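*Asks:*
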């Protein structure tokens, strides 16, 4: 059982911080609705870009800062399966055998959660109070799905959103082709993958694309927009928090 | 240093010499891999599962009371398949019988042989698989060069799964050059990724289960 | 195409060409859905599947920890059965060993069952250069031999070839047949291949097969096939050569069975392949058929160098192809783009080990780390993790492109200095938001051509989360 009013640190992620702060505010709202007190420690990046590019030293340098920033909270919650998986799965390996940092890395990994699974699995929320009349489809981002086992949790909460119907893609679990730096290192392959994905999205007839990772969403939204497909893309927490006033990803201001 | 010594010493350098006791234990049969339910059928369910699995692998199967029923059953199968009344077998004593209208020749496999007949030493219900052992009684080429391959197996020789089959196999004490596990007729999906029966081996496999 | 001229360093260009090749795109689209659905059905039908995967992983880990002992035991058993074991440190050594055996046998023609190790060693070209004709008999291998190509998939070598292309190859190659014959239907193509290849079986003095496993307990080599060509290739010629790499060892028949239970299910979705053949030594004195000589070439070719390193787990691989069947990158570009023998995720890990990270380093970079390969690997090989290890090796050897190194160093600088991070992210967010001019997206991006060539760039909202949270201006 979690503490009655858990102190939660929001690991906002550098992408949400820079690109789409409204996701962070939606996350805060959901956490507060669930009974958490939310703190936002001064933070930068979890180090995943360096780690996945082979720069172990750089990754560890960033990870140490994140470990320090997140010390002392009951839970650390990120609106990203990918960044959460870096902390939960990679940090302990990054510091394996390090006398000073292995224990704090493991401690942080044990306290860290992706937000939707945190709401359902830790805070035991099974419904949100939002109303979003739309036909939506949900993309399972790879890290959340395969590293953290996030599959049913977002669907469960989305089912409680009034007016929302979920139209599944034929292959919601296939990678969208983002892959961090992959999409700029191998643009042609990435393009093929995201084209397959947008075709799958379009075939659902959904007007709204949801996912739990902003990188994937920017990739798919950018492709949908380039193809002129009238599908709006939003982070799943925006919908769960009932925020549909903010322009969708890649959409012009009001 | 020979290539053998170089390779082995590189391995030893990397593994630090390993654990010889665990090797001996493993070779003595100490393994703990799970045996799936599918490989543990008992009694007559074993034979029924064998038949169902063999059919699922595109073999045809008929059940005969004894080997004495074999000549008539084979003649009928050949007729039904529009094959000539001829069969090629090895020297297995099971096949020393009056074949009636069917002309039996013995020897190894030949090109363009319409039908061959072998005896499986064992089988397993787990996957509907036959185990054939090479030798003068059942030359290995008969398994691959007949257009239609007929195989006889005694129901009592059908094991539940791999583990039972290997235990029975060791008990028989045979040491053939080749052991063939056969499950259905040959096939290929190499053209257009579409599965077709009859690649290099037989186009059809028919199993007679005795007993 | 020689196995010794990898085009792996040109991966990007290969990939671009493959993406533009309509035949490859058509063939790949067909194949992948079938493989994925069949594996999923096979897995669902065996409730113990994941437990058996664990057992298979553990068994292979045990073998690798004791590889020397098992190899010696295996060799002793082969020798006792009258066979010969040849140890080859390199592909070149293996070539020479095979050629010597062929010469000794007076071979003009060698029939080949499917063998990835023979591909790795470039045996066909080497034998041809020395006057020995190597005839592939696996239907897929036969098709690509006609096309002078390498396999594009480890279990479906001609998966990239469309049906009309097969027909065209057959018409070109089988000139002794009636040019007016009808090859429009698939069965007629298969029947023609069957007829042509059957005749070839009887002409060869030597048969070469690979080995899916080598069993230490019995000294048997094991091949799994569906066509029966491997069996004809080893049963009809006078000499049988098995080409196998050292990690193919399993201790016992039961251990082999554990691997068999996951192999075909992961590969084609079958419970077991049509033929699983265990061979030991030459024909027995009383045998009327089978080879008179039996040779096993045990190949190292860099594998001992993987033992004891972060790449050791790759040596558990049983070559089922599930990783490539489930890989969105492989599906997009096909196997030839990888430029050498082993494509897909397993190739992305193995290829740099075998040809060097200098040549093969592109492959482990061309992954989104989506993890689907690892999730289906029957041997539970952590493929993405090992691809990252290759990136680490590249980074440590200064092989990472300088722009990327500079970017990573800059990110590290910012990420370890909150004030600098705050300044730069706030400025970038504001600048990009302004540049989008209210449209919410950018069609072009300075230094972001890789992104905007194919998609718009969603613009940032304008102010960073942290600055808003802290009420900064």
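Residue numbers (UniProt numbering), protein chains in the order written: chain A, 1 to 254; chain B, 1 to 211; chain C, 1 to 473.
Backbone N, C-alpha and C fix where the C-beta goes; we use that ideal spot for every residue, glycine too.
Fair warning: this is a prediction, and the values are worked out from it, not measured in the lab.
1. May I have the straight-line CA-CA distance separating residue 25/B from residue 73/C, to the nearest angstrom?
2. Let me make sure I understand the geometry here. Which of 42/C, 31/C, 46/C has the alpha-carbon closest to that of residue 37/B?
3. For a contact meaning CB atoms closer than 9 angstroms, what does residue 183/C contact in chain B?
4. What three-state label does DSSP hand residue 342/C in the structure shown?
5. Roughly how many whole angstroms lie between the Cα atoms of residue 163/C and residue 77/B?
6. Strictly by DSSP, which residues pair up with residue 275/C?
7. Does residue 326/C get closer than 8 angstroms to chain B when you measure Cβ to Cβ?
8. Apart from the five residues just before and just after residue 158/B, which ones in its own chain have a Cβ nearer than 8 angstroms to its Cβ?
9. Report the residue from 145/B, 172/B, 11/B whose alpha carbon sits nearest the alpha carbon of residue 117/B.
10. Starting from residue 114/A, trace the beta strand (DSSP E) in both directions and tell me its first and last residue.
11. Is there a Cβ from chain B that is less than 8 angstroms from the Cβ of residue 278/C?
12. Please specify which runs of the alpha helix (DSSP H), each continuous and at least 4 residues long, are wholly inside the stretch 78-110 of chain B, giving them in chain order.
13. Tell me which residue opens and which closes the alpha helix (DSSP H) that residue 135/C is part of.
14. When you check each C-beta in the stretch 153-164 of chain C against every C-beta of chain B, which residues fall closer than 9 angstroms?
15. When DSSP builds the beta bridges, which residues end up paired with residue 139/A?
16. Under 7 angstroms between beta-carbons, which chain C residues line up against residue 125/B? List them in chain order, please.
17. I want to see whether chain C comes within less than 8 angstroms of residue 157/B, judged by CB atoms only; does it?
18. State the start and end residues of the unbroken alpha helix (DSSP H) segment that holds residue 208/B.
19. Check whether the stretch 109-122 of chain A touches the stretch 46-66 of chain A, taking contact to mean three or more Cβ pairs, one atom from each stretch, closer than 8 angstroms.
20. Roughly how many angstroms separate the alpha carbons of residue 48/A and residue 449/C, rounded to a whole number?
21. Among 255/C, 61/C, 404/C, which residue has its Cα nearest to the Cα of residue 35/B?
22. Would you kindly check if the distance between the Cβ of residue 226/C and the Cβ of residue 274/C is under 8 angstroms?
23. Are the stretch 17-30 of chain A and the stretch 457-468 of chain C in contact at 8 angstroms, needing three or more beta carbon pairs?
24. Using the three-state DSSP reduction, which class does residue 196/B fall into: helix, strand or coil?
25. Would a check of beta-carbon distances place residue 338/C closer than 8 angstroms to chain B?
26. Which residues mark the beginning and the end of the alpha helix (DSSP H) in which residue 193/A is found?
27. Are the C-beta atoms of residue 212/A and some chain C residue less than 8 angstroms apart?
28. Give me the residue from 204/C, 177/C, 91/C, 328/C with the minimum Cα distance to residue 29/C.
29. Run the CB neighbour count on residue 172/B, radius 10 Å, all protein chains shown included, and call it buried at 16 or more, exposed below.
30. Give me the Cβ distance between residue 237/C and residue 136/B, rounded to the nearest whole Å; I'm assuming they're in contact under 8 angstroms.
31. Is residue 276/C closer than 8 angstroms to residue 230/C when the C-beta atoms are compared?
32. Find the nearest neighbour of residue 81/A within the set 177/A, 214/A, 205/A, judged by alpha-carbon distance.
33. Distance, Cα to Cα, residue 145/C vs residue 136/C?
34. With residue 54/C as the anchor, note down where its alpha helix (DSSP H) starts and where it stops.
35. Identify the contact partners of residue 193/B in chain C, using a Cβ-Cβ distance below 8 angstroms as the criterion.
36. For residue 77/C, count neighbouring C-beta atoms within 10 Å of its own C-beta (all shown protein chains included) and say buried if the count is 16 or more, exposed if not.
*Replies:* Quick look at the numbers:
1. Counting only the Cα atoms, residue 73/C lies some 14 angstroms from residue 25/B.
2. 46/C
3. Per Cβ cutoff of 9 angstroms: no residues; residue 183/C is ~11 angstroms from chain B at best.
4. coil
5. Computed Cα separation, rounded: 35 angstroms.
6. DSSP output for residue 275/C lists 182/B, 225/C as bridge partner(s).
7. no
8. 46, 47, 50, 122, 123, 124, 125, 209
9. 145/B
10. 112-114
11. Nearest CB-CB separation between residue 278/C and chain B: below the 8 angstroms threshold.
12. none
13. Looking at the DSSP string, residue 135/C is not in any alpha helix (DSSP H); the run it does join, the beta strand (DSSP E), is 133-136.
14. 156, 157, 158, 159, 161, 162, 163
15. 211/A
16. Under the 7 angstroms cutoff, chain C gives no residues; its nearest Cβ is about 12 angstroms from residue 125/B.
17. no
18. No alpha helix (DSSP H) contains residue 208/B, which is instead part of the beta strand (DSSP E) from 204-210.
19. no
20. 22 angstroms
21. 255/C
22. yes
23. Flag = yes, the stretch 17-30 of chain A and the stretch 457-468 of chain C touch.
24. strand
25. no
26. Counting along the chain, the alpha helix (DSSP H) containing residue 193/A begins and ends at 187-203.
27. no
28. 328/C
29. exposed
30. Not quite, the Cβ-Cβ distance comes to about 20 angstroms (not below 8 angstroms), so this is no contact.
31. Annotated as distal: residue 230/C and residue 276/C, with beta-carbon spacing of 8 angstroms or more.
32. Selection 177/A, 214/A, 205/A evaluated against residue 81/A yields 214/A as nearest (Cα-Cα).
33. 7 angstroms
34. It spans 49-65 - the alpha helix (DSSP H) in which residue 54/C sits, taken as one unbroken run.
35. 27, 30, 31, 34, 156, 159
36. buried
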